[in-house]
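Here is the structure we will look at.
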Amino acid sequence: MRIFALFAVCAVFCMSCATKKYVSGEIQRSEVKTQGQIEELKAMIESTQTEIRNLADEFQVKLDPLEKATQENAEFIQRMGELRFQTTLADNKAYFKSESAELTDAAREELDKFGKMLHAQNRLVNLEIQGHTDSRGSELFNLKLGEDRSLAVRNYLYENYDIPLHLMSVISFGSKKPISDNDTKEGRALNRRVVLVVRVKL
1291 MRIFALFAVC
1301 AVFCMSCATK
1311 KYVSGEIQRS
1321 EVKTQGQIEE
1331 LKAMIESTQT
1341 EIRNLADEFQ
1351 VKLDPLEKAT
1361 QENAEFIQRM
1371 GELRFQTTLA
1381 DNKAYFKSES
1391 AELTDAAREE
1401 LDKFGKMLHA
1411 QNRLVNLEIQ
1421 GHTDSRGSEL
1431 FNLKLGEDRS
1441 LAVRNYLYEN
1451 YDIPLHLMSV
1461 ISFGSKKPIS
1471 DNDTKEGRAL
1481 NRRVVLVVRV
1491 KL
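Residue numbers are given in the working numbering: position 86 of the sequence shown equals residue 1376, and the series is strictly consecutive.
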């Protein structure tokens, strides 16, 4: 009887040891698994942070030119000054001959009014002379025609009203900025124009 009891005690003790070893093994395996998951999560976080930094760098690279352009535009506006007024010479009033940069009598009369008005201002101004055309013809031809007409206006104001050349800038937009429909004769006449933009120097 005592032998049986001793045997039972030993069996229980062995089972207890086995159970503890099993539990301990399971805990170790769980810890290893958890640690692996933690390492994977750390790797994912580091990868995500790297991608975010790379995206931020790319964004900054794209943003820098925009910020520079914005600053340059602000400086340009500061140099050019405040918009004062503008005058438009359009073909609907026969200011230019067809496909020509030659000023008509009507154009010279209008420019005389403009020149006298500038002198009456008695202020230093910047003058932007914009050339525009309708959509007929090639882009190259339209850009050249717009430029030639702007130059004709600039030269007339310089020769007759002594407006310094360095205060007058010439730009041609060709047919890129229509103000009316190019499908009608009247619309095309409005689009063929020279715009004089006057800015007062600050």
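Where a beta carbon is used, it is the ideal one built from N, C-alpha and C, also for glycine.
Only a predicted model underlies this, so the values are computations on that prediction, with no experimental measurement involved.
Cβ-Cβ separation, residue j to residue i (assumed contact under 8 Å), whole Å
{"i": "Phe1463", "j": "Gly1421", "result": "7 Å"}
{"i": "Asn1416", "j": "Arg1489", "result": "5 Å"}
Cβ neighbours of residue i in the same chain (closer than 6 Å, five flanking residues each side left out)
{"i": "Asp1471", "result": "Gly1477"}
{"i": "Leu1433", "result": "Ser1462 and Gly1464"}
Beta-carbon proximity check, residue i vs residue j, cutoff 7 Å
{"i": "Asp1424", "j": "Arg1483", "result": "no"}
{"i": "Glu1392", "j": "Val1487", "result": "no"}
{"i": "Gln1376", "j": "Val1485", "result": "yes"}
{"i": "Phe1386", "j": "Arg1439", "result": "yes"}
Distance, residue j Cα to residue i Cα
{"i": "Glu1429", "j": "Ala1396", "result": "27 Å"}
{"i": "Val1322", "j": "Gln1339", "result": "26 Å"}
{"i": "Leu1447", "j": "Lys1383", "result": "19 Å"}
{"i": "Ser1390", "j": "Leu1455", "result": "23 Å"}
{"i": "Leu1401", "j": "Phe1431", "result": "25 Å"}
{"i": "Thr1324", "j": "Glu1341", "result": "26 Å"}
{"i": "Glu1336", "j": "Glu1348", "result": "18 Å"}
{"i": "Ile1453", "j": "Lys1475", "result": "35 Å"}
{"i": "Ala1442", "j": "Pro1468", "result": "21 Å"}
{"i": "Gly1326", "j": "Met1334", "result": "12 Å"}
{"i": "Lys1466", "j": "Val1460", "result": "16 Å"}
{"i": "Ile1328", "j": "Leu1345", "result": "26 Å"}
Residue i classed as buried or exposed, judged by whether at least 16 other C-beta atoms fall within 10 angstroms
{"i": "Leu1480", "result": "buried"}
{"i": "Met1240", "result": "A query on residue 1240 cannot be resolved here, the shown segment of the chain reaching from 1291 to 1492 and no further."}
{"i": "Gly1497", "result": "What is shown of the chain runs 1291 to 1492, which leaves residue 1497 out entirely."}
{"i": "Arg1444", "result": "buried"}
{"i": "Leu1331", "result": "exposed"}
Contact set for residue i: own chain, Cβ-Cβ below 8 Å, skip 5 residues either direction
{"i": "Asp1473", "result": "none"}
{"i": "Leu1457", "result": "Leu1414, Val1415, Asn1416 and Leu1417"}
{"i": "Arg1398", "result": "Tyr1446"}
Min CB distance residue i to chain B below 7 Å
{"i": "Val1488", "result": "Checking the listed chains, one finds no chain B in this structure; it contains a single protein chain."}
Residues of its chain near residue i, where Cβ-Cβ distance is below 7 Å and the 5 sequence neighbours each way are ignored
{"i": "His1409", "result": "Tyr1451"}
{"i": "Thr1378", "result": "Arg1483 and Val1485"}
{"i": "Thr1394", "result": "Ala1384, Tyr1385, Phe1386 and Lys1387"}
{"i": "Ala1364", "result": "Interpretation of Ala1364 is limited by its pLDDT of 49, a score under 50 that renders its predicted location unreliable; no figure is taken from the coordinates."}
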